[in-house]
Structure formats: C-alpha cells, structure tokens
Amino acid sequence: MNCTELALKEFLVTAKINTYAGDGVLCASLRLNSKDLHYNEGNLLYIDYYFGSADFIGEEVVFENQKPIWGMNYYGKMLIDEIPSGFSSPKSGYLSQYNLYFQFTITGYAKLLEPNVVDTNEAVKQMEQLARRYSPQQINWRFNPIILSIKGENEPIPDNFASARLKVFEALCRDISSFGVNRCTISFLCLYKKVEQRMKESKFTYLIPSQQQQIELVSQFVEIADKYGVTIYTCTSPIIEGVPGVKKGHCIDGAYLGALFGKRASHAKDAWQRKECGCTRSKDIGAYSGQSCGHGCLYCYAR
Numbered sequence: 014m015n016c017t018e019l020a021l022k023e024f025l026v027t028a029k030i031n032t033y034a035g036d037g038v039l040c041a042s043l044r045l046n047s048k049d050l051h052y053n054e055g056n057l058l059y060i061d062y063y064f065g066s067a068d069f070i071g072e073e074v075v076f077e078n079q080k081p082i083w084g085m086n087y088y089g090k091m092l093i094d095e096i097p098s099g100f101s102s103p104k105s106g107y108l109s110q111y112n113l114y115f116q117f118t119i120t121g122y123a124k125l126l127e128p129n130v131v132d133t134n135e136a137v138k139q140m141e142q143l144a145r146r147y148s149p150q151q152i153n154w155r156f157n158p159i160i161l162s163i164k165g166e167n168e169p170i171p172d173n174f175a176s177a178r179l180k181v182f183e184a185l186c187r188d189i190s191s192f193g194v195n196r197c198t199i200s201f202l203c204l205y206k207k208v209e210q211r212m213k214e215s216k217f218t219y220l221i222p223s224q225q226q227q228i229e230l231v232s233q234f235v236e237i238a239d240k241y242g243v244t245i246y247t248c249t250s251p252i253i254e255g256v257p258g259v260k261k262g263h264c265i266d267g268a269y270l271g272a273l274f275g276k277r278a279s280h281a282k283d284a285w286q287r288k289e290c291g292c293t294r295s296k297d298i299g300a301y302s303g304q305s306c307g308h309g310c311l312y313c314y315a316r
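Every number in my numbering is 13 more than the matching position in the sequence shown, counting from 1.
Structure follows, in structure tokens:
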C-alpha cells in the first residue's frame, strides 16, 4: 500500500464530511437495496454502502488504484457509548471530527402528552452529561411547545393553567442553568390539522391563549429566566418576539455556529422554511421516512 496511515486518516475525514452530510455523489448500487455514495481524490476512492433502515447499517471501503486498502462495517450502535442509565451519548472519539450542536427538548409534561419520553429528572441528567462532555454552549434547551392544560401537567393547577407551566419552567431553569446551559427556545403549540385531530381523539382539552395572554405569559417566563441567567429565544413566533428580553431564535443559526466553532457558516435565511422561520441555510441529513421516533408525543407535527 502506497498510501500512508496519516494520508488515509486525512482522506477518510474529508470523505466522511463530503458524504455523511448528504453531499456525496451517488454511484451505481453494487449491493441489493443499498444506497451508495462515493468520494474520490487522486488515486483514492471512498464508497459508503448505506443500507438504510432505522438501525443505520452500512459499510465503508477505501480503494487505492481500484484495490481495497481499508474497510469498516457500521451499525448505529457503533456510534454511541452506552451509559448505565440507558442514555446513549455520542461517542466523542468517532464524532470528534465534527462540530456538534444539540437541540435538547425538556418540557416536563405528563405521560398523556409525552407517553414514552424519559423522566424529566433523567433528561436533565442526560443534558448535564452532554454539557460536561462537550460544552454548555453547544446545547440549546427547548421548552416547547407551550401547552396550557390540566391533564398535560404532572402537578396541575386547575384554576390557573399558566401557573403550572411557569412552575415547571422555573424548576428546569434552576437545574439546567446550574451546569451552564443558558439558551432556551420557546413557542406556543402550533395546531396542525393532524395534531388537532389527535388531541380530539385523545379527549385532551387545553387553553388557546390570546395574543395578549401569550405576551403576558412570556413576560413571566423572561422574569424567571433572568433570575438564572437564561436567555429566551423564540421559534417562528412573531407575536412574542417583541416581548422585552426575548430574542428571535434560529434553530440553525449560522452566525452563532460560526462564532462557536471558529468556522464559516451561511448567514443567509433558508428559503425553504416558513416565512417566520429564522433558520439559516443548511443541509438536512434526517428524514421522516425510514427513521422513527418512539416518543409518541401527542403534539408532534411529524407523526
């Protein structure tokens, strides 16, 4: 083999970046039901035979002058460390080549709304582990959607739906800010037709706050967040963007990511998103088909 170990390592990093993020060039599929991506540089050729499925199964091979010199089978569980609690944390060795930023939703709702979501206290522990492994700045806590109800709360306050949400928010602010995470995105429930129908079928009743009620409630969120040094961002919520202390959110924020990792990222608005969306241009490697979420949240627009 003429390719040195260092040259192979550098080639693999470049090849993975150019294929794993969805930029790879499709080539003729060599194996049944596989989706093959390739990247070549000089006399080196990298092929990722991706078999799909929720288990993330495939094989990577590097050829030098058309002869295989390196190969690896992969399976979704190869990319994670198993934590005793059952939480799977990204394996830093494999992912160290990537700049990681986490959107982490913790809402503290009852099982009726989030039947298969991990216990809230456990979720906070998981977030803390990510913050310690990477950094608090690489995590955005999502406290959304905001749903005002009785059955959706673990400790409901029947005569004041909003107070129950504020109580949960303050407890989470206290715990999450203790390990340095200080960004929080909020938004109110967006009633897509299928979500509304799902709510009706589940006989789940909730309060739809007026614009003024939203503004007043968010002002209370800001007051709480300020106590713990947390900044509130919106997600496609023009109504509450004008509330003092609230900043327009960008789930994908090119300016923030560029500053965080010291690399260039697009600041241009993603033209394919909703008008109110603040996200900057990116390439989405996820999918609504072939990948499943078992949380079963009643409010989920992707179900």
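The beta-carbon is built from N, C-alpha and C at its ideal position, and this holds for glycine as well.
For residue i versus residue j, is the C-beta spacing smaller than 9 angstroms?
i	j	result
K207	Y314	yes
P257	L161	no
C248	S279	no
T218	K164	yes
For residue i, which option in the options has the closest C-alpha, if you only look at C-alpha atoms?
i	options	result
T120	Q151, V130, A281, Y114	V130
R145	N173, F115, K282	F115
Q227	A272, S279, L273, R178	R178
C203	V181, I252, I152, D297	I252
S215	L311, V137, I82	L311
I82	E236, T133, D132, A20	A20
K296	E72, E289, K282, G307	K282
R211	N78, R316, T27, E54	R316
F274	Q150, S176, R287	Q150
Report the rounded CA-to-CA distance for residue i versus residue j, giving the unit in angstroms.
i	j	result
D239	L125	31 angstroms
S191	Y246	19 angstroms
L113	K80	34 angstroms
A272	G193	18 angstroms
N56	E23	14 angstroms
M140	L270	19 angstroms
R294	T17	37 angstroms
Y205	E254	21 angstroms
I60	F234	50 angstroms
Y62	D49	5 angstroms
L58	T244	46 angstroms
I265	C292	5 angstroms
R187	L25	43 angstroms
F182	I159	10 angstroms
M85	C306	27 angstroms
N15	V75	13 angstroms
P171	Y111	47 angstroms
N167	A268	38 angstroms
I290	Q225	Note on residue identity: the sequence assigns Cys, not Ile, to residue 290. Taking the straight line joining both Cα atoms gives about 21 angstroms.
A184	A284	37 angstroms
H51	E77	13 angstroms
K213	P169	20 angstroms
A136	T27	34 angstroms
Q142	I189	11 angstroms
Using 10 angstroms around the beta-carbon of residue i, count the other beta-carbons present and answer buried if the total reaches 16, otherwise exposed.
i	result
G309	exposed
F156	buried
E127	buried
S148	exposed
L230	buried
E54	exposed
L220	exposed
E236	exposed
E73	buried
Since residue i and residue j are thought to touch, with beta carbons under 8 angstroms apart, how far apart are those beta carbons, to the nearest angstrom?
i	j	result
N195	G242	5 angstroms
I152	F117	6 angstroms
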